[in-house]
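If you read the sequences in order, they're chains A and B. Numbering-wise (my numbering), the first sequence opens with residue 336 and increments by one. Numbering-wise (my numbering), the second sequence opens with residue 92 and increments by one. We treat Cβ as the ideally placed atom computed from N, Cα and C, and that holds for glycine. Here's the structure we're looking at; comments come further down.
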Amino acid sequence: MVHWTDQERHAITTLWAKVNVEEVGAQALVRLLVVYPWTQRYFASFGNISNAAAIAGNAKVHAHGKTVLKSVGDAIAHMDDLSHAFTKLSKFHSETLHVDPDNFKHFGDCLSIVLAATFGTAYTPDVHAAWQKMIAVIISALSKQYH
Amino acid sequence: MSLSAHDKELIGKVWTKISPKAAQIGGDALGRLIVVFPQTKIYFSHFADLSPSSPQIKAHGAKVLGAIGEAVSGIDNVSASLSKLSELHAYNLRVDPVNFKLLAHTLLVSLSATLGAEFTPEIHLAWDKFLAIVAAVLSEKYR
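This is the structure we're talking about:
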């Protein structure tokens, strides 16, 4: 059970309200595949993701980025009980997708950087810290069912 | 892991662009480090004020980014460029190397907040690699 301060809740939810889920999701996933190229292995069915330009233009990457970021929205909606709410999603990543949990951290870093690019100075150190915590809680919940 | 000619070009281009604001970006990155990763406060217990607006934090952040600028100038041999700093971190400061990754992250966030869409995925990749090399050089004399 995570303790959230009012300031953290406010920072997370106010920024989230301004996020274009499709755009931010796509950008974050594109960055994951470019900056950490071994993650391309998980998306072999997406067609051409062999270089930065191909990745940026790939429709399946864009669509999947939106899917992932919608889950981040779900996480925010369940921020007081996320391990429980994400049980199925965690099992799915562990037992079906076989994603190495280190990559959750890489995606989280990409998301934080996309938020900084999108919001500039509005992504203050305090807002950044609240989001870093949200990302850490998501990573923990997603990793929970691994064994 | 090594830097391609293209990586070095991108790193140099970004450095040229941000160097007028280097002090401010360095201060921002260090300020973020302390707020986002509070465990790093341990290394700055001698600073009176650890908030992002603290003059000491801003000055120290500027210094750190200055050193990174040195590494950019000597990008073909970062180990030689940062040799003294490598010794300082190994024998005096003994900063746990895990913190280099944390500062690399907050610096990428500061660059991203400053450059916006210009901080492209390829530039992000080049800088991520470069900062990992800097971190490796700073820890290479630890043991």
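Taking its Cβ as the centre, do 16 or more other Cβ atoms sit within 10 Å of residue i, making it buried, or is it exposed?
i	result
residue 234 of chain B	exposed
residue 152 of chain B	buried
residue 396 of chain A	buried
residue 347 of chain A	buried
residue 380 of chain A	exposed
residue 133 of chain B	exposed
residue 197 of chain B	buried
residue 137 of chain B	exposed
residue 373 of chain A	exposed
residue 180 of chain B	buried
residue 140 of chain B	exposed
Assuming residue i and residue j are in contact, meaning their beta carbons sit under 8 angstroms apart, how far apart are those beta carbons, in whole angstroms?
i	j	result
residue 414 of chain A	residue 336 of chain A	About 11 angstroms; that fails the 8 angstroms criterion.
residue 127 of chain B	residue 463 of chain A	5 angstroms
residue 426 of chain A	residue 480 of chain A	5 angstroms
residue 124 of chain B	residue 206 of chain B	Actually they do not touch by this definition, with Cβ atoms about 19 angstroms apart.
residue 143 of chain B	residue 122 of chain B	3 angstroms
residue 162 of chain B	residue 188 of chain B	Not really, about 16 angstroms apart at Cβ, beyond 8 angstroms.
residue 404 of chain A	residue 360 of chain A	3 angstroms
Q.
Tell me whether the region 381 to 399 of chain A and the region 435 to 455 of chain A touch, counting them as touching only if at least three CB pairs, one residue from each stretch, are closer than 8 angstroms.
A. no
Q) Any residues in the region 190 to 204 of chain B with a beta carbon nearer than 9 angstroms to a beta carbon of chain A? Which ones, in chain order? A) Taking 9 angstroms as the cut-off between beta carbons, the residues of the region 190 to 204 of chain B near chain A are 196, 197, 199, 200, 201, 202, 203, 204, in sequence order.
Q.
If we require 4 or more residues per run, which alpha helix (DSSP H) segments fall completely within the region 443 to 467 of chain A?
A. none
**Q.** At least three beta-carbon pairs within less than 8 angstroms, the region 201 to 219 of chain B to the region 111 to 124 of chain B
**A.** yes
Q | contact_flag[the region 359 to 372 of chain A, the region 98 to 115 of chain B] where n(CB pairs < 8 angstroms) is 3 or more | A | no
Q.
Report the start-end ranges of each alpha helix (DSSP H) in the region 160 to 193 of chain B that is 4 residues or longer and not cut off at the edges.
A. List check, alpha helix (DSSP H) in window: 169 to 172, 174 to 178.
Q) When Cβ atoms are compared, which residues of the region 206 to 217 of chain B fall closer than 9 angstroms to chain A? A) Considering only beta carbons, the part of the region 206 to 217 of chain B lying closer than 9 angstroms to chain A consists of 206, 207, 208, 209, 210, 211, 212, 213, 215, 216, in chain order.
Q.
Taking contact to mean 3 or more Cβ pairs, one atom from each stretch, closer than 8 angstroms, check whether the region 216 to 230 of chain B and the region 136 to 148 of chain B are in contact.
A. When C-beta atoms of the region 216 to 230 of chain B are compared with those of the region 136 to 148 of chain B, fewer than three pairs fall below 8 angstroms, so the two segments do not count as touching.
Q. Got a sec: which bits of the region 139 to 170 of chain B sit with their beta carbon under 8 angstroms from any beta carbon on chain A, in order along the chain?
A. 143
**Q.** Within the region 345 to 376 of chain A, ranges of the alpha helix (DSSP H) (whole runs, at least 4 residues)
**A.** 356 to 370
Q) Of all the residues that make up the region 455 to 469 of chain A, which are near chain B by a beta-carbon distance shorter than 7 angstroms? A) 455, 456, 458, 460, 461, 463, 464, 467
**Q.** Interface residues of the region 117 to 129 of chain B facing chain A [CB-CB below 7 angstroms]
**A.** Within the region 117 to 129 of chain B, those residues whose Cβ lies closer than 7 angstroms to any Cβ of chain A are, in chain order, 122, 123, 126, 127.
Q: Mind checking the region 215 to 234 of chain B against chain A and listing, in chain order, the residues whose C-beta falls within less than 7 angstroms of any C-beta there?
A: 215, 216, 219
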